[in-house]
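Q: Please find one structure pasted underneath; my questions will follow.
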């Protein structure tokens with residue numbers, strides 16, 4: 024089963040990536056770190072993202088080991 028996650032990009036990342044939002048399906052049980060790895064693994068321009076970015080899930084600052092659930096906004 025997959026977990027659809029709404030991924031938002033702000034400021035310099037939005038400008039450099041050329042997108043402000045992506046919907047990404049991840050495997051069930053995925054964490055924020057898995058999302059970051061998925062994005063960085065896409066290569067340019069997503070490889071500009073840091074390995075350990077500051078993130079929020081549903082507007083609450085979170086850690087990279089935080090699990091993601093269906094419909095989360097990161």
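In my numbering, the protein residues as written are 24 to 97.
Note that beta-carbon positions come from the ideal geometry of N, C-alpha and C, so glycine has one too.
For residue 53, is the classification buried or exposed, using 16 other Cβ atoms within 10 angstroms of its Cβ as the cut-off for buried?
A: Stepping through the chain shown from its first residue, residue 53 is reached at position 30. The residue is buried, with at least 16 neighbouring Cβ atoms inside 10 Å.
Q: Start and end of the alpha helix (DSSP H) containing residue 39?
A: By one-based count along the chain shown, residue 39 stands at place 16. Taken as a continuous stretch (DSSP letters only), the alpha helix (DSSP H) holding residue 39 covers 34-40.
Q: Could you give the DSSP three-state label for residue 56: helix, strand or coil?
A: Start at 1 with the first residue of the chain shown, and residue 56 comes out as number 33. Residue state, collapsed to three classes: helix.
Q: Rounded to the nearest angstrom, how far is the Cβ of residue 9 from that of residue 55, given a contact under 8 Å?
A: Coverage of the chain is limited to positions 24 through 97, which leaves residue 9 absent and any answer about it impossible.
Q: Any contact between the stretch 60-72 and the stretch 31-42? By contact I mean 3 or more CB pairs, one from each, below 8 Å.
A: Contact between the stretch 60-72 and the stretch 31-42 is present, because at least three Cβ pairs lie under 8 Å.
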